[in-house]
Amino acid sequence: MISSVPVDSNAPKYVHGHDSATLASHTVRTAANSCGYLLPHLKPGMSVLDIGCGPGSITLDLAEIVGPEGRVIGLENTAEPLGAARQMAEGRGDSGIRFVVGDVLQLPFPDGSFEVVHASGAPACR
């Protein structure tokens, strides 16, 4: 199991923060409305890394597509939104997905660990 790793305090921060209003607005994001271009390329059994996963709504949709034989990890640079992500996963009955704290510039995974890497929030970093 991948555990959280320290994040450089000088690493870029998400401009909008992770307060309850921001998390609520991000929870309505889906894979269909936020990364529809990617969906035709996903297949059952694939491994996916979702960078900047926030509250996990997109990440969980990606996990449904790759199915239980696939592997999906949501990466966020702060623990704040991951509680909501884990609750959403539990509510959907997904016990295979993992949400971890980590720095995209120092990934806690070996090279070649994923077939697909998705990032949707990077432009909003400072």
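Remember, our numbering sits 193 above the position in the sequence shown when you count from 1. Glycine residues also receive a C-beta, built at the ideal position from the N, C-alpha and C atoms.
Spatial distance of residue i from residue j (CA atoms)
| i | j | result |
| --- | --- | --- |
| residue 287 | residue 230 | 24 Å |
| residue 293 | residue 256 | 15 Å |
| residue 271 | residue 233 | 30 Å |
| residue 251 | residue 242 | 11 Å |
| residue 307 | residue 222 | 23 Å |
| residue 249 | residue 304 | 23 Å |
| residue 317 | residue 237 | Only weak support is given to the placement of residue 317: the predicted model assigns it a pLDDT of 44, under 50, and the question is left unresolved by the model. |
| residue 247 | residue 262 | 23 Å |
| residue 269 | residue 275 | 8 Å |
| residue 235 | residue 311 | 11 Å |
| residue 283 | residue 273 | 17 Å |
| residue 280 | residue 244 | 18 Å |
| residue 285 | residue 278 | 11 Å |
| residue 301 | residue 267 | 12 Å |
| residue 227 | residue 264 | 20 Å |
Below-7 Å beta-carbon distance, residue i vs any chain B residue
| i | result |
| --- | --- |
| residue 278 | Here there is only one protein chain, and chain B is not present. |
Problem set entry | Within the stretch 262-314, ranges of the alpha helix (DSSP H) (whole runs, at least 4 residues) | 275-285
Problem set entry | Segments assigned alpha helix (DSSP H), at least 4 residues, entirely inside the stretch 227-259 | 250-259
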